[in-house]
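Count the sequence shown with our numbering and you get residues 133 to 441, in order.
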Amino acid sequence: MKTLVEYAKGLETTDPARPLIEMFATSSDIMAAIPFDGLNGPVYQGFRQASLPTVGFRGINEGATSGTGKVTPFQEASYIIDHDLDVDRAIVDRYGEERRAREETMAMASAGRLWVDTFLKGDNTTNPRVFDGLQRRARLFNRTMVNNAASGGGPLSLLKLDQAINNTNQPTHILADYSMQPLFIQAARNTSISGFVIQSWDEVGKAKMSYAGLPILWGYQKDDHGSLLPFTEVGAGGGAAQCSSLYIVSFRDGGLKGIELKPMSFKDMGLLQDGITYRNHMNWDVGLVDEHKYCLTRLSSITNAAFVG
133 MKTLVEYAKG LETTDPARPL IEMFATSSDI MAAIPFDGLN GPVYQGFRQA
183 SLPTVGFRGI NEGATSGTGK VTPFQEASYI IDHDLDVDRA IVDRYGEERR
233 AREETMAMAS AGRLWVDTFL KGDNTTNPRV FDGLQRRARL FNRTMVNNAA
283 SGGGPLSLLK LDQAINNTNQ PTHILADYSM QPLFIQAARN TSISGFVIQS
333 WDEVGKAKMS YAGLPILWGY QKDDHGSLLP FTEVGAGGGA AQCSSLYIVS
383 FRDGGLKGIE LKPMSFKDMG LLQDGITYRN HMNWDVGLVD EHKYCLTRLS
433 SITNAAFVG
């Protein structure tokens, strides 16, 4: 099981699919972090632990304990992303193949955003073409926690964040909107609540942030294409639509992971019969699995205000 970044690195440097997959994978730090597992059939067949067997000590000449645990089977389907990466021949004639490559990588960045947006907000009941995202999945197994139950929500309570982390089995990452990053930086400067909010830098000097040892993923950097979890949600207590959510996730085998029927593929159709369009066709049959009951937790009703302890 690999992330898309790891899979792309395994392709030949001359493989035309490599830069496209890399652009897709790096369109969001979430996409770069989540691992993908292969499917052996049309659906993923999984099992969640329901109860453990009873085991006990015994005395001399006493019988052994016996019993079996119970598991709950579940299935997850995959969903098709098919897209034609079209570029006008006139653009290629004027600017060369490099411009075509640029147009295609822009399309892949858009496809990456589609997947991440679905990963968070997908709703199969309203759109049967997509898988359920984290927001809908968090409704099951008591995986939604409320940061502030007052009307309009309230500032992030680090105690509530600690409880959300504690509610997640083997947590690996925190997902938050990029606009919340200054609030984490402010919390790191506040000596009355700091200690678990850590800002550091990677090997190339890029800032990275963690809380309680968990890396924080921001989804998208600042641009003109919207944000990951904007402050437009209605809190649990009602009121104005001015709240956001955090997600604690466990990206791993046996936890939260993507599934794919086969790796993302591309077919260069060349110049079409219309004599105008160069086409490269992308195909990916993909889905999402939350294998462990507590592989994710949503913390809702957070406003855009300084954190509290």
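Glycine is no exception: its CB is placed at the ideal position from the N, C-alpha and C atoms.
For clarity, every value in this text was computed on a predicted model and none was experimentally measured.
A contact between stretches requires three or more CB pairs, one per stretch, nearer than 8 Å, and the region 384-394 meets this requirement with the region 162-172.
Beta bridge pairing from DSSP links Thr429 with Ile380. For Ser242, the uninterrupted alpha helix (DSSP H) segment begins and ends at 229-253. For Gln313, the enclosing alpha helix (DSSP H) covers residues 313-321. Between the alpha carbons of Glu423 and Gly228 lies a gap of roughly 47 Å. Closest in C-alpha terms to Ala157, from the list Phe206, Asp214, Thr237, Cys375, comes Thr237.
Burial check for Val248: the Cβ neighbour count within 10 Å reaches 16 or more, so the residue is buried. Taking the Cα positions, Met312 is about 52 Å away from Phe189. Taking C-alpha positions only, Asn274 is separated from Ala239 by approximately 37 Å. For Tyr139, the uninterrupted alpha helix (DSSP H) run begins and ends at 136-141, by DSSP.
The Cβ-Cβ distance between Leu315 and Leu361 does not fall below 9 Å. Of all C-beta pairs linking the region 261-269 to the region 171-183, fewer than three are shorter than 8 Å, placing the two stretches out of contact. If you look at Met277, you'll find it in the beta strand (DSSP E) that goes 276-278. Residue state for Leu360 is assigned as coil, using DSSP reduced to three classes. In the DSSP annotation of this structure, the continuous segment of the beta strand (DSSP E) that includes Ala182 starts and ends at 175-183.
A residue is called buried once 16 or more other Cβ atoms fall within 10 Å of its Cβ, and Met396 is buried on that count. Sorting Gly402, Gln207, Val175 by C-alpha distance to the C-alpha of Val224 places Gly402 at the top.
Beta-bridge analysis with DSSP links Asp216 to His413. Within the region 271-307, complete beta strand (DSSP E) segments of at least 3 residues are found at 276-278, 305-307, given in chain order.
Lys292 and Leu428 have their alpha carbons spaced roughly 15 Å apart.
Straight-line spacing of the CA atoms in Ala243 and Met155 works out to 10 Å. Proximity to Lys354 across Gly142, Val366, Leu143, Ser160 peaks at Ser160, based on C-alpha coordinates. The straight-line gap separating the alpha-carbon atoms of Arg430 and Leu288 is approximately 13 Å. Note that the C-beta distance between Ile330 and Tyr343 is below 9 Å. Straight through space, the alpha carbons of Leu346 and Ser432 are spaced by roughly 19 Å.
Contact between the region 405-425 and the region 210-218 is present, with at least three C-beta pairs closer than 8 Å. The Cβ atoms of Tyr379 and Asn299 do not sit closer than 9 Å to each other. Taking 9 Å as the cut-off, the Cβ atoms of Ile408 and Arg231 do not count as close. Beta-bridge partners assigned by DSSP to Thr204: Arg180. Counting C-beta atoms within 10 angstroms of its own C-beta, Met133 has fewer than 16 neighbours from the protein chains shown and is therefore classed as exposed. Looking only at Pro205, Arg245, Gly173, the smallest Cα-Cα distance to His357 is reached by Arg245. Here Ala140 is not near Phe383, since their CB atoms are 9 Å or more apart.
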